[in-house]
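This report refers to the structure that appears directly beneath it.
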Amino acid sequence: MQHQSRLLSDGSTALYAWFEAMHTRVDMLLRKKNQAPSSLLDTAEAVRALLFRLEKAGNRFDPDSEISRLVDMPPGIAVKLSDDLYDMLRLAVHYYTVTEGLFDITVNTPGHTPQTMTEMELSETERSCTLHQRGMVLDLSGFIKGYALDRIKPLLEAHGICDTLVSLGNSSIMALGDVPGPVKNGVLTTSGNNTALRQHIINPSTGRHVAGQGMAQVRTASGAEGEVMAKVKFIKQNQSTG
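Numbering (this note's numbering), first residue to last: 1099 to 1340.
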């Protein structure tokens, strides 16, 4: 992890750190009074460890990840999950319901229909997941960065960090306390196609990629909610093309 630190005029110490995680660049600005740079670096390392753990749980492109092992299981078998993956899948079901299916982590499943998501069954008592359809794809790519920001926030608070700016790929940005920029004590999330050729968001109701260049932004208190709402907003803005 690369980093720079500086003692500020108000007596506080600021640390800027950056590294790669979740297939994107992570940038962090941490500030705290009466704190040695080494302590702030320990906090940044704790954030990096958390991101790597979440990535190992929910990265479908890693054949050794927990979510890859889950989808490789034969249909109908209950698989006990880590707390990390169970919580992500639980929230995915919640947002699938409240968005009336426009947020759907199974959208890349071959032969997907708007009901494919219902083939994933979670057990709260067992903290397990059962997939009832063979060949299901569970893709958390449009959600895991926002979820990670929600997990980073209490970690920073536990380390006594009140002023912070955390950016995951410049599309999910969390600001807390006294920091530069337009976002204060919340999350700014961006979703869309930055070029007309980059079509990567699928409308679950049609099964087609949303076409055209454009962006949707939302400000929320929750990173996970922001990821979902920005994507849904972009889909709704372009219903005719997706």
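Quick reminder that beta carbons are idealized off the backbone N, C-alpha and C, glycines included. This structure is a prediction, so every number in the text was calculated from the model and none was measured.
Check                                                                                                        : Outcome
Status (buried if at least 16 other CB within 10 Å, exposed otherwise) for ASN1292                           : exposed
Distance CB(GLY1324)-CB(GLY1240) smaller than 7 angstroms                                                    : no
Which listed residue (ASP1261, THR1195, ALA1314 and HIS1121) has its alpha carbon closest to that of PRO1302 : THR1195
Beta-carbon spacing of PHE1332, ALA1314 below 7 angstroms                                                    : yes
Spatial distance of MET1215 from GLY1109 (CA atoms)                                                          : 52 angstroms
GLU1323, DSSP secondary structure in three states                                                            : helix
Rounded straight-line distance, which links the Cα of HIS1101 to that of THR1304                             : 45 angstroms
Given LEU1187 as reference, the closest of LEU1106, ALA1322, GLN1337 and PRO1252 once Cα atoms are compared  : ALA1322
Rounded separation between LEU1113 and VAL1235 - CA only                                                     : 39 angstroms
Same chain, Cβ closer than 6 angstroms to HIS1257, five either side skipped, listed in chain order           : THR1141
Identity of the residue in ASP1125, MET1099 and ASP1185 nearest THR1262 by Cα                                : ASP1125
Through-space distance from VAL1285 to VAL1145, alpha-carbon basis                                           : 17 angstroms
Coarse secondary structure for THR1223, derived from DSSP in three states                                    : coil
Bridge partners - LYS1130, DSSP secondary structure assignment                                               : THR1111
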